[in-house]
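So for the sequence shown, the numbering used here puts the first residue at 48; every next one is plus one.
Glycine included, C-beta positions come from ideal geometry on N, C-alpha and C.
Worksheet: the structure to be examined is printed underneath.
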Amino acid sequence: SYISGAATPGVTLQSTLLNHTTTARSIAAQAAEHARILSLDPGAPPPILGETNSLYNQGRPGLSNTFGAALWAVDFSLCAASRGFKRVHMHQGTNYRYASWQPIATNITTMGTKPPYYGNIATAAALGGSERVVEVVEVPLAYHREAAYAVYHSGTLARIMVVNMRGYNTTVGGEGLVPLPDPPGRGSVEYVFQLGGSQKRAGGVGVGVDVDVDVDVAVGRQRVKVQRLSANGSDAITGISWDGWSYNYELDRGRPVRLGNVTVGEEAEVDGTGRVKVRVEDSSAALLVF
């Protein structure tokens, strides 16, 4: 199951990978296949995606090996989980553009950690430990360039992941201009989650998105941790971090290194009405940890 092909005409980072509608449609098609299997055999095992990634034929340079692909991986994996898929196997290979890491140096690709790996790490953080029953519920948003998911541990809200997939490119649309012009200002969206609501809905898009989420928050818990998946832009292939951690091979052979130039320890407050706000920059993701 792939979103599209590496050589397919019209494939772009924004319209193909950073597009929740496209991702959801792809997963829905696979879910429909499993539903047909269940109609013939109610005892069939739950669905898994045995081979998947962004663009078939090993990915496309400038798309599958960018930070945008990491954001896509978060949206794709959590969307699959919300549709009942129990496992997602991201296809890997030496010199593959969509690989999470390159284990050896070749005459094509250097050894190192690749942007999609950070999407894998962020997804794992959202799901949390496997010792509890984990349920992922999509929080419907009105815009195709954003996605949100509530993650429950044994029926209690544990995380909310928000992915802002509005493209922000530091290379001015990838035009390769020399000298490189200053990039435009980076936008952001403030998401407001109403905790303890009776429905899941989204009203409006833009600054001040207001979402009601049917959740259960521990009494007396007034602050939540915020962890961020960030880079200089969706086209970045280096300088990526998860919660201030870098896994770049050049720093410590792929082991986590805390970066001194990235803000960490951020918290959001749950106000007296049960609302919690988080501002998410374009081409980034934020995880609320309850």
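Residue i to residue j span [Cα, whole Å]
i, j, result
"Val323", "Asn216", "29 Å"
"Ser330", "Gly280", "6 Å"
"His138", "Asn100", "6 Å"
"Pro303", "Ser86", "46 Å"
"Val273", "Val198", "15 Å"
"Ile84", "Tyr196", "27 Å"
"Phe132", "His191", "22 Å"
"Pro231", "Glu193", "20 Å"
"Trp148", "Ser124", "18 Å"
"Arg72", "Arg213", "19 Å"
"Tyr145", "Gly307", "28 Å"
"Gly97", "His81", "13 Å"
Those residues which DSSP pairs with residue i across a bridge
i, result
"Lys272", "Glu314 and Val336"
"Val180", "Note: Val180 sits in no beta bridge, so no partner."
"Leu96", "Val135"
"Arg206", "Val198 and Val336"
"Gly52", "Tyr103"
"Val186", "Ala195"
"Gly159", "Gln149"
"Arg305", "Trp292"
"Ser331", "Asn211"
"Ser235", "Glu328"
Residues near residue i by beta carbon distance below 6 Å, same chain, minus five either side
i, result
"Leu110", "Leu60"
"Arg275", "Ala333"
"Pro89", "none"
Beta-carbon proximity list for residue i, same chain, < 7 Å, skipping 5 on both sides
i, result
"Val327", "Val209, Asn211, Ser235, Val236, Tyr238 and Ala333"
"Thr63", "Ile50, Ser51 and Thr69"
### Message
Does the segment 152-170 come into contact with the segment 120-139, if we say contact requires no fewer than three beta-carbon pairs (one atom in each stretch) closer than 8 Å?
### Response
yes
### Task
Specify whether the segment 142-160 and the segment 288-296 touch according to this definition: at least 3 beta carbon pairs, one from each stretch, less than 8 Å apart.
yes
### Query
For the segment 178-196 against the segment 305-320, are there 3 or more C-beta pairs whose distance is under 8 Å?
no
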